[in-house]
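Here the structure comes first, spelled out in structure tokens, and everything after it is commentary.
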Amino acid sequence: MSERYDAIIIGAGIIGAAVGLELARKGWKTLNLDKLPAAGYGSTSASCAIIRTHYSTLDGTAFAYEGYFYWKDWARYLGVEDERGLAEFHERGCLVMRTAANGYLDKLLEHQRAVGIPFEEWDPATIKARMPHMDVDTYGPPKRPDDEGFGASTGGPLRGAVFFPCAGYISDPQLATHNIQRAAEAAGGHFRFNAEITEIRKTAEGRVAGVTLADGSEIDAPVVVNVAGPHSQKVNEMAGATADMNIATKALKQEVVHVPMPVENWDEIGIVTSDSDIACYTRPEKGNFLLIGSEDPECDPREFVDPDDYDENFSEQWNVQVMRTAQRIPALGIPSRMKGVVSLYDASDDWIPIYDKSCVPGFYMACGSSGNQFKNAPPAGAMMAALIEQVEAGRDHDAEPVQFHMPYTDRTIDVGFYSRRRTINPESSFSVLG
Ligand SMILES: Cc1cc2nc3c(=O)[nH]c(=O)nc-3n(C[C@H](O)[C@H](O)[C@H](O)COP(=O)(O)OP(=O)(O)OC[C@H]3O[C@@H](n4cnc5c(N)ncnc54)[C@H](O)[C@@H]3O)c2cc1C
């Protein structure tokens, strides 16, 4: 006799766990399966876990602001204790530079105003007064250290920056995922680890019937959800669900730098920065370190890889990110030993995720998170559960998209925004900023 569930969720990263939680809360008998040994051990564990609301689309902005309230209200969202303690939201704020690359934030601020998100405009003198360690000259468009003129100012001081107080980071993304696992289990959800799915089985009519694991065991469910992170394309292919997808997902190598921060107590007082003039974002890390990620400028090669076979070592990109950040923080030392993480984004063609059904009845996808959906995992879980429930009840989501009401912001999102069949969204930043 094979086991049977109402829904199998492939993956127990932060988004997979949140989908499991919300379906379990609706009374579904759920099973999250992950080939790794624990929840949040995939790309989630490498996440900088920055919580911010500056997105380039109105829907992306509203969704991120909804997510922010879940992190503020974390204990209530979970509703249970975790023996390991709860993940902590360091709400320090985020400073975003006004640059040519982001249109000096004019359009982006329209979205922030429309959603009612607070912000402060800082001129270069204010940046310097609050962050004396920062150089406020313009260096963009971003270059590589070997390029002529690297490190030379290209046009006097920046036009200023915008400070978003409703922002910060979660210091332990894996713990946050474990927290959600515990909440899902309390709601009746199940998790199984070291369980690799190698086949998605279907009925004679072509509906999802269940999965087969690498050890040959079969588990039945009429609903299977692909939340496989950088493996999402492989899982969509396994399900035969790519035929009507207009947006593809691919695994993209990323390096995050971990260096000592030359400003005392930065880990206690420091804020998040997002700086498209030098194409890097930063956040404080405990032990008074700084994490530096890339904002994916055009001059950097994009390395799409096979998620099961790629070079997990640092490359020249590590140096590039430190050198670029040293333009803004001249006192930043460059250690001889490279530290940080090498991981993968599950990048979609327009850097906006896919939260959708598929052409295979019973098969759903929450993928293409493009390095920017950790913060959105809680509302994404709730939105996916609403979508699955309505489609299983007979709604034709492709023709008449589900409308998802977001309780904290009291806004409704047209879930068709995240469709696999959308045309590429030209408003996207086409970078990790979404
Ligand atoms: C370097 C980096 C920095 C980031 N920084 C931020 C940030 O600052 N802010 C932000 O909001 N987002 C950030 N992100 C993005 C965010 O971390 C991801 O969007 C999020 O963690 C994705 O969660 P997930 O559950 O979809 O995927 P994952 O965490 O990748 O989980 C997918 C799981 O599926 C499992 N799996 C895959 N295939 C199979 C199979 N066949 N059988 C069984 N299990 C399978 C994997 O083992 C994995 O555990 C960052 C990502 C990276 C890589």
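Letter by letter, the sequence shown follows residues 288 to 721 of the numbering used here. Each residue gets a CB set at the ideal place from its N, CA and C atoms; glycine is no exception. What you are looking at is a predicted structure, and each value in this text was computed from that prediction instead of being measured.
How about LEU674: is its Cβ closer than 6 Å to a heavy atom in ligand 1? Of the heavy atoms belonging to ligand 1, none sits nearer than 6 Å to the Cβ of LEU674.
Supposed close pair GLY443, GLY298 - CB separation, criterion 8 Å: About 48 Å; that fails the 8 Å criterion.
Just to confirm before moving on: does the CB-CB distance between GLN608 and VAL544 stay below 7 Å? Yes, they are a contact pair.
Please classify PHE376 as buried or exposed, where buried requires at least 16 other C-beta atoms within 10 Å of its C-beta. The residue in question, PHE376, is buried, as its Cβ has 16 or more Cβ neighbours within 10 Å.
For ALA653, report the span of its beta strand (DSSP E) as first-last. For ALA653, the enclosing beta strand (DSSP E) starts and ends at 650-654.
In or out: GLU603 buried (at least 16 other Cβ within 10 Å) or exposed? The residue in question, GLU603, is exposed, as its Cβ has fewer than 16 Cβ neighbours within 10 Å.
Entirely within the stretch 420-463 and at least 3 residues each: give me those beta strand (DSSP E) ranges in chain order. Segments of the beta strand (DSSP E) lying fully in the stretch 420-463: 448-451, 455-457.
For my contact list, PHE451 and ILE414 are in at a C-beta cut-off of 8 Å; report their separation, rounded to the angstrom. A Cβ-Cβ separation of about 14 Å leaves PHE451 out of contact with ILE414 under the 8 Å criterion.
Can you give me the C-alpha to C-alpha distance between PHE356 and ALA326, rounded to a whole angstrom? Taking the straight line joining both Cα atoms gives about 23 Å.
Whole-angstrom Cβ separation of GLY390 and ASN663, contact assumed at under 8 Å? That belief does not hold up - the Cβ atoms of GLY390 and ASN663 are roughly 23 Å apart, past 8 Å.
Can you tell me which of GLY303, ALA653, ALA613 puts its alpha carbon nearest to the alpha carbon of SER635? Selection GLY303, ALA653, ALA613 evaluated against SER635 yields ALA653 as nearest (Cα-Cα).
The beta strand (DSSP E) with ASN319 in it runs from where to where? If you look at ASN319, you'll find it in the beta strand (DSSP E) that goes 317-320.
Could you please give me the residues that DSSP links to PRO622 through a beta bridge? Note: PRO622 sits in no beta bridge, so no partner.
Do SER519 and ASP633 come within 7 Å of each other at the CB atom, strictly closer than that value? Contact flag set, yes.
Using the three-state DSSP reduction, which class does GLN308 fall into: helix, strand or coil? One point to set straight first is that residue 308 is Leu, not Gln, in the sequence displayed. Under the three-state reduction of DSSP output, LEU308 falls in the helix class.
Leaving aside the five residues before and after TRP230 along the sequence, list all residues of the same chain whose C-beta is less than 6 Å from its C-beta, in chain order. Missing from the structure shown is residue 230; the chain here goes from 288 to 721 and no further.
Please report the distance separating the alpha-carbon of GLU407 from that of ASP502. One C-alpha to the other measures close to 56 Å.
Do you know offhand how far ILE616's Cα is from GLY314's? A direct Cα-Cα distance of roughly 51 Å separates ILE616 from GLY314.
Taking the alpha helix (DSSP H) that PHE717 belongs to, which residues open and close that run? Unbroken run through PHE717: none, as it is neither H nor E.
Cβ-based burial, GLN690 [other Cβ within 10 Å; buried from 16]: Exposed, because fewer than 16 other Cβ atoms sit within 10 Å of the Cβ of GLN690.
Distance cut-off 6 Å: GLU483 Cβ against heavy atoms of ligand 1: Between ligand 1 and the CB of GLU483, the shortest heavy atom gap is smaller than 6 Å.
With which residues is PRO547 paired in a DSSP beta bridge? The partner list for PRO547 (beta bridge, DSSP) reads PHE576.
By the three-class DSSP mapping on this structure, what secondary structure does TRP638 have? Residue state, collapsed to three classes: coil.
Sub-7 Å separation of THR499 and THR490 beta-carbons: Not closer than 7 Å, so no.
Just how far apart, CA to CA, sit ASN466 and PRO571? ASN466 and PRO571 have their alpha carbons spaced roughly 23 Å apart.
CA-to-CA distance, HIS684 to ALA528, given in whole angstroms: Approximately 16 Å between the Cα atoms of the pair.
Whole-angstrom C-beta distance between SER630 and ALA294, which should lie under 8 Å: 27 Å between Cβ atoms; not a contact.
Indicate whether the contact test is met: 3 or more Cβ pairs, each with one atom in the stretch 432-446 and one in the stretch 473-482, closer than 8 Å. The stretch 432-446 vs the stretch 473-482: no contact.
GLY580 classed as buried or exposed, judged by whether at least 16 other C-beta atoms fall within 10 angstroms: With 16 or more other Cβ atoms from the protein chains shown falling within 10 Å of its own Cβ, GLY580 counts as buried.
contact_flag[the stretch 688-705, the stretch 547-566] where n(CB pairs < 8 Å) is 3 or more: Too few Cβ pairs lie closer than 8 Å, so no.
Are the Cβ atoms of ALA463 and ALA374 separated by less than 7 Å? Judged by their CB atoms, ALA463 and ALA374 are nearer to each other than the 7 Å cut-off.
Kindly identify the DSSP beta-bridge partner or partners of SER630. Paired residues: GLN541.
Chain B within 7 Å of GLU290, Cβ atoms only: As a matter of chain content, chain B is missing from the structure shown, which is built from one protein chain.
Sorted by chain position, which residues of the same chain lie with C-beta nearer than 6 Å to VAL592's C-beta, five sequence neighbours on each side aside? Excluding residues within five positions, the ones whose Cβ falls inside 6 Å are ALA538, LYS540.
Can you give me the Cβ contacts of ALA508 inside the same chain, cut-off strictly under 6 Å, excluding the 5 residues immediately before and after it? The answer, listed in chain order, is TYR292, ALA294, ILE295, GLY497.
N-terminal and C-terminal residue of the beta strand (DSSP E) that LEU735 is part of: Since the first residue shown for the chain is 288 and the last is 721, residue 735 is missing from the structure and cannot be characterised.
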